[in-house]
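A.B. asks: Following this message is one structure expressed as structure tokens.
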Amino acid sequence: MIFDSHMHTEVSADSSMKAADALKRASELGIGAVFTEHEDMNFPGEKDFTFSPQDYWAKYEALRGEGEHLRLGVELGMQEGLAKKNQAFVEEAPFDQVIGSIHTIEGHDLYYADIYKDRAKDDLYRLYLETMARCVRSQGAFIDILAHIDYIARYAAYSDTELTYAAYGDYIDEVLRALVETDTVLELNTRRFDAPQGKASLVPIFTRYRELGGKEVTLGSDAHDAAAIGFAFTEAHELAAGLGLAVVTFLARKKEYC
3 MIFDSHMHTE VSADSSMKAA DALKRASELG IGAVFTEHED MNFPGEKDFT
53 FSPQDYWAKY EALRGEGEHL RLGVELGMQE GLAKKNQAFV EEAPFDQVIG
103 SIHTIEGHDL YYADIYKDRA KDDLYRLYLE TMARCVRSQG AFIDILAHID
153 YIARYAAYSD TELTYAAYGD YIDEVLRALV ETDTVLELNT RRFDAPQGKA
203 SLVPIFTRYR ELGGKEVTLG SDAHDAAAIG FAFTEAHELA AGLGLAVVTF
253 LARKKEYC
């Protein structure tokens, strides 16, 4: 079974999706679901992107036990200097899957425009990728997946937001090498498949990932509402297969081939 290995319910500060709605939608699509709630320590702004692992498990463990179509995970916000705290958090519950991601740079939330003011795109994108590579190396021992390598392209306040291999290949290579060396899986995130160049920009990156020794991907919609679950998964699965990348998910931190 294919799993949507990245979605957020009401446990995450930026989502109001109910578990029942998520599971209903996944069932309609014939796919499994992995809840991956936000745990972003030291996050700037007013929202609290943290949660209690114990409360999370108590809330959803019974749902997880009904068949094998639900897994419980976490999306850890990786920042330099947080490795020990992130690792301690992961050890507080028997998570099925741990995603690592970059949502902030130098204490700024990449969602908001302030970080892009008076910063050249090339300088910021290179810093983003350099930070990502260092975080994968420092936290790869306890994360399973790197989420949305192109996250910055969602929100960057530039006329051209794309993160392309042609422009940033050397820096992308460092991220991909870190993934291969730490046995961390690269997520094929479909959130931007409907952007004009969203899917096209990812193809060379995933091609290079395969060339450098990457073998597997997870598929993730990053859904915050039920309608987005499984978005563009047929396209994503075809893309992965065409590049010779196997689709996996995780159960009790062990890879399962879909």
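Heads up, the sequence shown is in our numbering, so the first residue is 3 and it goes up one at a time. Beta carbons: idealized from backbone N, C-alpha and C, even for Gly. Computed from a prediction, not measured in an experiment: that's the story for all the values here.
1) Just curious, the alpha helix (DSSP H) that glutamine 199 is in, first and last residue?
2) Excluding five sequence neighbours on each side, which residues of the same chain lie with their C-beta closer than 7 angstroms to the C-beta of valine 187?
3) With DSSP as the reference, please indicate the residues paired to asparagine 191 in a beta bridge.
4) Just checking my contact of tyrosine 211 with tyrosine 157 at CB under 8 angstroms: how many whole Å lie between their CB atoms?
5) Between the alpha carbons of arginine 194 and isoleucine 207, how many angstroms are there, rounded?
6) By how many angstroms is the C-alpha of lysine 119 removed from the C-alpha of arginine 27?
7) I need the boundaries of the alpha helix (DSSP H) containing glycine 171, first residue and last residue.
8) For alanine 159 and alanine 115, I'd like the C-alpha separation in whole angstroms.
9) Where does glutamine 56 land, buried or exposed, given buried means 16+ other C-beta within 10 angstroms?
10) Ordered along the chain, which non-local residues of its own chain (more than five positions away) have a Cβ less than 7 angstroms from that of leucine 129?
11) For glutamate 77, which beta-bridge partners are listed by DSSP?
C.D. replies: The relevant details are as follows:
1) Start at 1 with the first residue of the sequence shown, and residue 199 comes out as number 197. No alpha helix (DSSP H) contains glutamine 199, which DSSP labels as neither H nor E.
2) By 1-based counting over the sequence shown, the position of residue 187 is 185. Taken in chain order, the residues that qualify are Asp146, Ile147, Glu218, Val219, Thr220 and Val250.
3) For this step, residue 191 is matched to residue 189 along the sequence shown. Partner(s): Gly222.
4) Residue 211 sits at position 209 when you count from the first residue of the sequence shown. Residue 157 sits at position 155 when you count from the first residue of the sequence shown. In fact, because the Cβ distance is near 23 angstroms, the residues do not count as touching under 8 angstroms.
5) Here residue 194 corresponds to residue number 192 of the sequence shown, with the count starting at 1. Here residue 207 corresponds to residue number 205 of the sequence shown, with the count starting at 1. Rounded to whole angstroms, arginine 194 to isoleucine 207 spans 14 angstroms at the Cα level.
6) In the sequence shown, the residue the question calls residue 27 occupies position 25. In the sequence shown, the residue the question calls residue 119 occupies position 117. One Cα belongs to arginine 27, the other to lysine 119, and the distance between them is close to 39 angstroms.
7) To locate residue 171, count along the sequence shown from 1; it is residue 169. Glycine 171 -> alpha helix (DSSP H) spans 167 to 184.
8) Locating residue 159 in the sequence shown gives position 157, counting from the first residue. Locating residue 115 in the sequence shown gives position 113, counting from the first residue. Alanine 159 and alanine 115: Cα-Cα distance of roughly 6 angstroms.
9) Start at 1 with the first residue of the sequence shown, and residue 56 comes out as number 54. Classification for glutamine 56: exposed.
10) As a first step, residue 129 is located in the sequence shown; it is residue number 127 there, counting from the start. Contacts found: Ile107.
11) To locate residue 77, count along the sequence shown from 1; it is residue 75. DSSP output for glutamate 77 lists His40 and Ile101 as bridge partner(s).
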